[in-house]
Each structure stands twice: as C-alpha cells, then as structure tokens.
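Visitor: Below is one structure. I have some questions about it.
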Amino acid sequence: MGNKRISILGSTGSIGTQALDIIDLNKDMDVAALTGNRNVPLMLEQIKRFSPEMVCMYDSDAAMHLKELTAGKKIKITSGMEGLIEAAEWKDTDLVLSAVVGMVGIEPAIHAINAGRDIALANKETLVAAGHLIMPLAKEKGVAVIPVDSEHSAIFQCIRGNEDNAIKSIILTASGGPFRGYTKDRIKDVTIEMALSHPNWSMGKKVTIDSATMVNKGLEVMEARWLFDVDPDRIRVHVHPQSIVHSAVEFEDNAVMAQMGVPDMRVPISYALYYPKRRYALAGALDLFKAEHLDFYEPDLSVFKGLKLSYDAIKRGGNMPCILNIANERAVELFLNKKIGFTDIPGIIEDAMDHFPYSSDPSLKEILEIKDKVTEYINDLQE
Ligand code: MG
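This is the structure in structure tokens:
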C-alpha cells in the first residue's frame, strides 16, 4: 500500500502549518494539494518541502505571482473558489484537511464529501452554517468527518468504543479566555490588546477574540450538535481555566469519559491526520502533579452574552446559526479595526438575529446569500 494522500485547504494558517510539521515528522504521508490565500513566500517554502501536485492561492494576484516563481516546475497553480474546489476533489486523495477560515470552507467541504474524501474538519463554519446539509451528505457517501478542534477531538476520542451507547450529555470545556471571572461592568472597558492575549492557547486573531467573547464556545456547541447528533440542551459548557480536560462525555450509566493532556493543538491535529492511529505529535507530556488542581465553573451568560445568543441560535436552528456567525465575523472585524467596543460585539449579533426572518431548512444557495445580506445590514448600521 502506498502512503496516505492528503490535501490541505488553508495550509499557510495556524492549523495548516502545524499539520505540515506533523506530516514532515512522520514522513509517511504524501501531500497532494495545498491551498492558501495571499502568503506567497510561505506557500513557496511549503512547495519546496512537500512537492504538492497542485496549489491554489485564493487571491488571484497571489496565484499569478506564485505561478511566475514556480515557472518550469511540474505543479498546477490555480486561484479562487474554483481552485479551492479542485484542491478539495484532487485525484486519489484519502483525506482532506479543511483549515480555511470562514464560510469559504463550506463549498469545498461539500465537494470533498461528494468525491468520497474523508474530512478532517478544522473549519467551524462548515458545520455551524451548513451542518444540516453536511452531516446527512457525509452519512450518505460513507465519508468520515473527523474533528480537529481540541474539544470535538476530545469528544470524538471519548466516544470511540462507545459507538453503540447513547450520549447522556457532553461536557464541553472552555478556558474562559482572558476575561474569565469578569463582571458586566468590568468587561465594558477591555481593549483589543487585552482581548488578544489568550492565557492558554496560541491561535489566529479572529479565534482569539471569539474566545474572549466566548462566541467561539457557542460555535463549538453548534458543531458538537451536528458532529455527535446531540440536543443542544445536553451540551453543557464548563469553564475550566487549566485547559487540561479537553472535553468529556457522560453516558447513561453516569460514567464520564474525559480526554486530557497539555493544551497543544498538535495532538488533535495529529489524531485527525492518523485516525484511528496515534502518533508522536511533538506535544509535551501531562504531569498531573504539576497541575495541582483542576477547576470547573458555570459560565456567566449575563456577561458572555455571545454564548447565550449562540444557544438561542442553535435551539432555533435553520438559518439562525449562520446569521449569528456572519454577524459575529463582521463585528469582530469592526472591533479589531477599533470601530466598536468589545461589548458591542454581542449587540450587533443580537440585532442581526432579530432583523432577519427565520428560515427552518435553508439550502446551500440561501446560506451563501445570507453572508452578503448580513454584512451589508451591519455596514449600513455603522454609517
Ligand atoms: Mg476549540
């Protein structure tokens, strides 16, 4: 048998680069296709290290530039959504790691599933906005959807060997972000710099702000709902500042299976790449004596309104999670550009959820159209 063939969508991002480091370490996987957005120097380096057969730069100028730099080499360079989809379907790949950021990940995921590729999913939006389309399709095509996010990977690992047992509840842990324990008054005055300094995990800017507002945890509740087919009321967020228990599953007999380790994304990434095998993933070993104690708190939904709104959105279902997600994306952008304050983020989300009419079973086309409408609505409000 030849090596496992993988394509990585979003290879120049935080998850993508860590995945490539793990692949480089093990040297038993072939990289078939890579995609990035604008980072040409990094993509050029990745081409030299992993010799993919095709590369897509989402940005067309970046693609043009990369084409010049790789002239004479046996490699196909493409751009845009068409290129992303081509990478997702690329010949004879076994696994597609989707680590792109944003709703741009939805269509390539659908194409990968239709082409029969297993998916290692790091892109949240695919399930948040289109979980009702993705999961039935994956089931129909016999395709595995393997979560990369640390919490969902933990849950996925806890369920192994318990596939025939009903899940009583999911304990979804959250670090609580930099503003854990803040009151309503204190959270009003936080700055960008404060929001960007996450205590436990090192991640991209958007995810770091989402972690500070706890909207990230809300999106994770939505993902868990689709991945594990569990009612949102049975998914309980536990703030756990040490980030050692990455999540847990409670079964009918009240037995609770938890997955633990030092917080290091390379463990869940490696698990998704090599599933069902485990490999050395460069992460440090857990020393429970050094941890001293593990704490768990209920999140304060009156302070972290974004988490409350997320529960509202997933309970209503339909287009609401998608609306929440887009409104949040735009609000975070406005916050990062210093146009709004930190506590305006949930305000904008709530406003958008109230404004747009509810639709119970939106098609892919509807979902993709919501994006422009919500963004436009929020931009108009800002003027
Ligand atoms: Mg997470």
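The numbering of the sequence shown is my numbering, which starts it at 2 and goes up by one. Where a beta carbon is used, it is the ideal one built from N, C-alpha and C, also for glycine.
(1) Is it the case that the Cβ atoms of His66 and Leu173 are separated by a distance below 8 Å?
(2) Would Ala72 be called buried (16 or more neighbouring beta carbons within 10 Å of its own) or exposed?
(3) Hey, Ile16 and Ala123 are a contact pair by Cβ (cut 8 Å); roughly how many whole angstroms apart?
(4) Ser271: beta carbon under 7 Å from a heavy atom of the ligand MG?
(5) Figure out for me which residue from Lys339, Ala175 and Lys306 has the closest Cα to the Cα of Asp150.
(6) Comparing the CB of Ser151 with every heavy atom of the ligand MG, is any distance shorter than 7 Å?
(7) Nearest-angstrom Cα distance between Gly182 and Ile188?
(8) Which residue spans inside the segment 33-103 form an unbroken alpha helix (DSSP H) run of at least 4?
(9) Say the cut is 7 Å; is the CB of Glu221 nearer than that to a heavy atom of the ligand MG?
(10) Three or more C-beta pairs under 8 Å: does that hold for the segment 244-262 against the segment 68-86?
(11) Mind pulling the beta strand (DSSP E) runs of 3 or more residues that sit fully within the segment 89-170?
(12) Leaving out the 5 sequence neighbours to the left and right, which residues in its chain are closer than 8 Å to Gly318 when beta-carbon positions are compared?
(13) Glu299 by DSSP, collapsed to three states: which one?
(14) Quick check on Met215: buried or exposed, where buried means 16 or more other Cβ atoms within 10 Å of its Cβ?
(15) Identify the continuous alpha helix (DSSP H) that holds Ile346 and give its terminal residues.
(16) If we count Cβ pairs, one from each stretch, closer than 8 Å, do we get three or more for the segment 366-383 versus the segment 318-328?
(17) I'd like the ranges of any beta strand (DSSP E) spanning at least 3 consecutive residues and lying wholly in the segment 216-296.
(18) Going by CA-CA distance only, name the one from Val32, Met195, Gly307 and Thr13 that's closest to Ala63.
(19) From which residue to which residue does the beta strand (DSSP E) around Ser8 run?
(20) Let me know the secondary structure DSSP gives Thr192 once reduced to three states.
(21) Look at the alpha carbon of Thr54 and the alpha carbon of Gly11, and state the distance between them as a whole number of angstroms.
(22) In chain order, what residues of the same chain have a beta carbon less than 7 Å from the beta carbon of Lys185, not counting five sequence neighbours either side?
(23) Using C-beta distances below 8 Å, list every residue in its chain close to Gly285, excluding the 5 sequence neighbours before and after it, in chain order.
(24) Applying the 10 Å Cβ sphere with the 16-neighbour rule, what's the burial state of Leu197?
(25) Using the rule of at least 16 other Cβ atoms within 10 Å of the residue's Cβ for burial, across every protein chain shown, is Asn4 buried or exposed?
(26) Comparing C-alpha positions only, which one of Phe157, Leu274 and Leu220 sits nearest to Thr94?
(27) Say yes only if the C-beta of Thr214 is nearer than 7 Å to one or more non-hydrogen atoms of the ligand SAH, and no if none qualify.
(28) So, with DSSP's three-state summary, where would you put Asp211?
(29) For Lys316 and Ala167, what's the separation of their Cα atoms in angstroms?
(30) Distance, Cα to Cα, Glu299 vs Lys218?
(31) I'd like the span of the alpha helix (DSSP H) that includes Lys316, first residue to last.
(32) Got a sec, what are the start and stop residues for the alpha helix (DSSP H) Tyr359 sits in?
(33) Per DSSP, what kind of secondary structure is Ile172 in: helix, strand or coil?
(34) Hey, how far is the Cα of Lys68 from the Cα of Leu35?
(35) Bridge partners of Met30, per DSSP?
(36) Exposed or buried, which one is Met195 when buried takes at least 16 other CB atoms within 10 Å?
Guide: On the basis of the supplied data:
(1) no
(2) exposed
(3) 5 Å
(4) no
(5) Ala175
(6) yes
(7) 10 Å
(8) 41-51, 61-70 and 81-90
(9) yes
(10) no
(11) 96-99, 119-122 and 146-148
(12) His133 and Ser361
(13) coil
(14) buried
(15) Asp345 to His356
(16) yes
(17) 236-240, 246-252 and 257-261
(18) Thr13
(19) Lys5 to Leu10
(20) coil
(21) At residue 54 the sequence reads Glu, which differs from the Thr that was named. Cα-Cα distance, rounded: 16 Å.
(22) Ser303 and Val304
(23) Val263 and Asp265
(24) exposed
(25) exposed
(26) Leu274
(27) The ligand SAH is not among the ligands present in this structure, which contains only the ligand MG.
(28) helix
(29) 20 Å
(30) 13 Å
(31) Lys306 to Arg317
(32) That residue, Tyr359, is in no alpha helix (DSSP H); it is neither H nor E in DSSP.
(33) strand
(34) 14 Å
(35) Lys5
(36) exposed
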